[in-house]
Amino acid sequence: MARVVRRCAASFGRPTVEMDQLQFATGQGRCRVSLRIDRLGSDLVAFIYNKGAHLGAVAVAEWDGEHNRVSVSVHTRLGHKDDAVAQRAAYAIAKSTRATVCVVAGIHLDDIRRTEIERILVNTDLAVDKFLARIPHSPTSPFTPGNQK
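Residue numbers (my numbering): 8 to 156.
Next comes the structure, spelled out in structure tokens:
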């Protein structure tokens with residue numbers, strides 16, 4: 008389920024899409040994951056969290072148009088395992104939007120089991136896919152650096 012929190016007109020090379028902040032949630036119970044995407048100029052900031060939200064890891068991904076690839080850097084807090092969530096999401100969003108993306112991830116579950124970790128990764132991927140399906144993809148997208156008006 009997607010929820011537009013605030014709106015402002017933005018054209019993606021197709022009919023105008025209104026977006027300033029989008030929110031998505033996937034999964035149920037202990038494995039429910041929320042994704043919030045904010046636009047910061049031509050960049051995107053994503054927050055991935057659950058009821059135990061915190062700052063566990065930060066990933067910054069950048070589209071390299073010259074080499075047609077994405078580069079991701081990750082910083083993880085001591086003792087946290089949120090780096091996998093942050094890296095995967097940052098890479099996927101940057102690759103698709105060709106924008107610079109910062110992902111802040113903080114998912115906490117007491118006594119987490121391996122199956123819950125796997126489900127959280129799947130739910131995070133599903134939330135990112137929902138976001139990417141929501142935005143048109145175009146080389147002239149305003150998310151593409153240099154295409155801001």
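Cβ coordinates follow ideal geometry from the N, Cα and C atoms, glycine included. All figures in this text were calculated on a predicted structure; none of them were measured in a lab.
* Asked: What residues in its chain sit with their C-beta under 6 Å from that of ALA68, if we drop five residues either side in the sequence?
  -> Excluding positions up to five away in sequence, the list reads VAL77, VAL79, ALA97, TYR98, ALA101, VAL108.
* Might you give, ordered along the chain, the residues of its own chain that have their beta carbon closer than 6 Å to the beta carbon of VAL52, omitting 5 neighbours on each side? => ASP45, CYS109
* Tell whether a beta-carbon distance below 8 Å holds between HIS74 and GLY113. => Going by C-beta atoms, HIS74 is not nearer than 8 Å to GLY113.
* **Option in ALA106, LEU128, ASP50 with minimal Cα separation from GLY72** => Answer by Cα proximity: ALA106.
* C-alpha distance - ALA140 paired with ALA32, whole-angstrom precision -> 14 Å
* Could you name the residues of the same chain whose beta carbon sits closer than 8 Å to that of ASN130, not counting the 5 residues immediately before and after it, in chain order? => THR33, GLY34, CYS38, ARG39, VAL40
* Minimum C-alpha distance to ASP89 - residue among PHE138, ILE127, ARG120, ARG43 -> ILE127
* Asked: What residue range is occupied by the uninterrupted alpha helix (DSSP H) comprising GLN94?
  -> Here the alpha helix (DSSP H) through GLN94 covers 90 to 104.
* **Bounding residues of the beta strand (DSSP E) (the contiguous stretch that carries GLU69)** => GLU69 -> beta strand (DSSP E) spans 64 to 71.
* Asked: Tell me, which residues are paired with SER78 by DSSP?
  -> GLU69
* When we look at the beta-carbon of LEU29 and count the other beta-carbons within 10 Å, is it buried (16 or more) or exposed? -> buried
* Asked: Which partner residues of SER49 appear in the DSSP bridge assignment?
  -> In DSSP, SER49 forms no bridge with anything.
* To do: Just grab the DSSP bridge partners of ARG43 for me.
  => GLN30, PHE54
* Return helix, strand or coil for ALA60, following the three-state DSSP convention. => coil
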